[in-house]
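UniProt numbering puts the sequence shown at residues 1 to 141. Ideal placement from N, C-alpha and C gives every residue a C-beta, glycine not left out. Bear in mind that the values here come from a model prediction, so they are computed numbers and not experimental data.
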Amino acid sequence: MTRAAETKRGARWLMQAGLRPTRQRLCLAELLVGDGRDRHVTAEGLHAAAGACGEPVSLATVYNTLKAFCDAGLVNEISVDGSRSYFDTRLDDHPHFYWEDDGFLTDAPADQLKIAQLPQLPEGAELSRVDVVIRLKRPDN
């Protein structure tokens, strides 16, 4: 895919969500969806990728932009512990594998997960989302 096509896809992605395609948002959008593939990224990983492409974007801007993308419904934030979050461009309901040894997140097969029932919600609450993160580690050899 050409750079122009990736830019066009990123711009369309932003505009469909009602976000103004600023230079920095466009850069990050291209990295997230320019090739049409779903991905899981951390803010730090996206910051490094932007730098490798020659686009000077501060880490604070990456965090703020990812928050705006979450608020606009473009990505979902998946928290794997108190200090690490991944941002997922695949928006349908699906579980994840978190590989503790390597620190990366992958999609798990949704058709193999069965949730029979959720607990009753507290009065005055409504369900926002259910995230299923299955933590894995490689056995000691």
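For Arg25, the uninterrupted alpha helix (DSSP H) segment begins and ends at 23-33. With a 10 Å radius around the Cβ and a threshold of 16 neighbouring Cβ atoms, Cys53 comes out exposed. Per the DSSP secondary-structure output, Arg84 pairs in a beta bridge with Asp81.
Within 10 angstroms of the beta-carbon of Thr65 lie 16 or more other beta-carbons, which makes it buried. Using a C-beta cut-off of 8 Å, the stretch 113-126 makes no contact with the stretch 65-83, since fewer than three inter-stretch Cβ pairs fall below that distance.
In this structure, the alpha-carbon of Ile115 lies about 25 Å from that of Gly82.
Every alpha helix (DSSP H) of 4 residues or more that sits fully in the stretch 57-126 is shown, in chain order, as 59-71. In its chain, beyond the 5 residues on either side, Pro95, His96, Phe97, Tyr98, Ala108 have a beta carbon closer than 8 Å to the beta carbon of Ile134.
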